[in-house]
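Each residue of the sequence shown is one higher than the one before, counting from 1 in UniProt numbering. Note that CB positions come from ideal geometry on N, CA and C, so glycine has one too. A quick note: this is a predicted structure, and the numbers were derived from the prediction, not measured. What follows is a single structure, written as structure tokens, with notes after it.
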Amino acid sequence: MNKWPRCEDCVRDNYLRAPVCQTCVAGSNFLPRGRSKIYYESVQEMNQPPAAYRAIVQALRRFDDSALVPEILDVMFNEPATIVFWADGTKTVVKAVYDEFDPEKGLAMAIAKKALGNKGNYYNVIAKWTDEYLEKEDK
1 MNKWPRCEDC VRDNYLRAPV CQTCVAGSNF LPRGRSKIYY ESVQEMNQPP
51 AAYRAIVQAL RRFDDSALVP EILDVMFNEP ATIVFWADGT KTVVKAVYDE
101 FDPEKGLAMA IAKKALGNKG NYYNVIAKWT DEYLEKEDK
């Protein structure tokens, strides 16, 4: 048994092989005679949910909720620092050292810092992807 439709179930199958049957690849020209049939290799396979559904469920099981940025409880703008208090009880502090203080940029950097790990290596990740653009701009 297989999952592909069989020629015997196709309207076009006339035992002499119509021209359209000669160009059919894996049931691409299949037109069911009546109710369409799906053939399974086993009863267990037949009772399984569709493969796409299983793939989605498996991907969701691997999804880690801790990777998400928690909800923001409060934001304090104390020039040159932006302090964000998170729902998980932590806080993130970013400072504008070489740039002019911008609250929007400060909040965006605090969110990026939290998403990329509250350690300090977040700037290296951002620099990795922006250095090439900045080098082109300098030329």
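Of the residues the options, which one's Cα is nearest the Cα of residue i?
i: Met109; options: Glu71, Glu132, Gly89 and Ile83; result: Ile83
i: Thr92; options: Asp99, Ile72 and Tyr98; result: Ile72
i: Asn78; options: Ala59, Ala115 and Glu104; result: Glu104
i: Ala115; options: Glu135, Thr90 and Leu134; result: Thr90
Mind checking residue i: buried by the 16 CB within 10 Å criterion, or exposed?
i: Val57; result: exposed
i: Val94; result: buried
i: Tyr122; result: buried
i: Lys113; result: buried
i: Gly106; result: buried
Helix, strand or coil: how does DSSP classify residue i here?
i: Asp138; result: helix
i: Ala81; result: strand
i: Leu116; result: coil
i: Asp99; result: coil
i: Tyr122; result: helix
i: Asp88; result: coil
i: Val69; result: coil
Report, in whole angstroms, the separation of the C-beta atoms of residue i and residue j, which I expect to be a contact under 8 Å.
i: Ile111; j: Val69; result: 6 Å
i: Phe85; j: Asp102; result: The Cβ separation is near 20 Å, so there is no contact.
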